[in-house]
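What follows is one structure encoded as structure tokens, with my remarks underneath.
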Amino acid sequence: MLASLERYSDSVFRTLCYNHGAELTFTEMAHVNSFLNRNRGSLQKIKPKDSTPVQIQILSSNEGKLDRFLSGFKPFDGFMGFNLNLSCPSKDVIRQGKGAALVKRATKTGKLVALIRNHGHPVSVKIRLGLNQYEKDNKLYLNNLGGVDPDFFVVHAKHAGQSSGEPEDDSVYPECVETARGIPVIANGGIDSPEKVQSLMEMGVSGVMMGRPAMGNPAIFDLIKNEMGLNDPPRPVPRAADLGQEYKDLFDSIGGDEKYKFRFLKVVGRKRAIY
Ligand SMILES: Cc1cc2nc3c(=O)[nH]c(=O)nc-3n(C[C@H](O)[C@H](O)[C@H](O)COP(=O)(O)O)c2cc1C
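Here the sequence shown is numbered in my numbering, starting from 28 and rising by one per residue.
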């Protein structure tokens, strides 16, 4: 899966990754409030240019507002459901009781998940290991994994107080998988090699999500799947350096935003994109 990447994962980038092996993609995060306020930038994020499979990532902590938004929402070709963000570490977002602030509030998360499902949409949850070391040590994230019923969880194996350069704690995955009661757990964070994917699969995760590695090389999905024998027959993998031209061709054919193109062309082909 291709991770939500604010300011990067527009329709063009998502399709590029999909064409090179990502099986599901996610929009950048957006506040439900911003949809209700008809914010143009936010509405643009959920207006795809083609039918690449995508989940819309939302920040919400208010059932009333979410219900109002869902009542007016019309699915489109490629729409695969909503992804509830319980992972954003931004202080602003946390102050509003959204993103990683929801990790400890399994009952609230359960209500939001049920509401989305009652509107007839698939729903997943992307979660961190809590707001801080205290929440992580007390394993508050397990309340969500054990008590909420989305179609799948994505676990970003860090707490919200950790910087992007710090390593993930992959040792949490076996307990996450066990606690999730058969609901698939997707691993996220610092995954960029077949060996890493293999070791996570051995811990019981059902799949992986990649963000920064895909910014540097959008074909990393097929690259890893080929090496693990998951593509039969193996699929052609262009050099990362050639993917800039592929992005430009897609941009010309489906249309995009110059700012996203500019940012993408600055990071593609670089080994470690940005942090
Ligand atoms: C530029 C950038 C933007 C991001 N935007 C979002 C976002 O909108 N929503 C979200 O859930 N995570 C966001 N993240 C976090 C990623 O989705 C992902 O969880 C994180 O980068 C770890 O995965 P990786 O090591 O494969 O990059 C962002 C990360 C980066 C680097």
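Even for Gly, the Cβ is constructed at its ideal location relative to N, Cα and C.
Model, not experiment: these values are computed from the prediction.
Asked, Found
"Does the beta-carbon of GLY157, which I'm using as the reference point, lie nearer than 6 Å to any heavy atom of ligand 1?", "no"
"The alpha helix (DSSP H) with GLN82 in it runs from where to where?", "Not the alpha helix (DSSP H): GLN82 falls in the beta strand (DSSP E), residues 81-86."
"Less than 8 Å between the CB atoms is what I'm expecting for ALA128 and ARG155, so what's the real figure, rounded?", "Going by Cβ atoms, the distance from ALA128 to ARG155 rounds to 10 Å, so no, they are not a contact pair."
"Does ligand 1 have a heavy atom nearer than 6 Å to the CB of LYS153?", "yes"
"Can you have a look at GLU33 and say buried or exposed, based on whether 16 or more other CB atoms are within 10 angstroms of its CB?", "exposed"
"Comparing the CB of ARG297 with every heavy atom of ligand 1, is any distance shorter than 6 Å?", "no"
"Would you say LEU172 reaches chain C, if we count a Cβ-Cβ gap shorter than 7 Å as a contact?", "Any reference to chain C falls outside this structure, which holds one protein chain only."
"If I measure Cβ to Cβ from VAL130 and keep anything under 7 Å in the same chain, skipping five residues before and after, which residues do I get?", "LEU113, ILE154, ARG155, GLY157, LEU158, GLU162, LEU167, TYR168, ASN171"
"Take the Cβ of THR134 as the centre, count every other Cβ of all protein chains shown within 10 Å, and call the residue buried at 16 or more, exposed below.", "exposed"
"Count Cβ pairs between the region 134-149 and the region 174-183 that sit closer than 8 Å; are there 3 or more?", "yes"
"Cβ-heavy atom distance between GLU222 and ligand 1 below 6 Å?", "no"
"Less than 6 Å between the CB of SER226 and some heavy atom of ligand 1, yes or no?", "no"
"For ligand 1, is there any heavy atom lying closer than 6 Å to the beta carbon of LEU253?", "It should be pointed out that residue 253 corresponds to Asn in this sequence rather than to Leu. No; taking the cut-off as 6 Å, the Cβ of ASN253 has no heavy atom of ligand 1 nearer than that."
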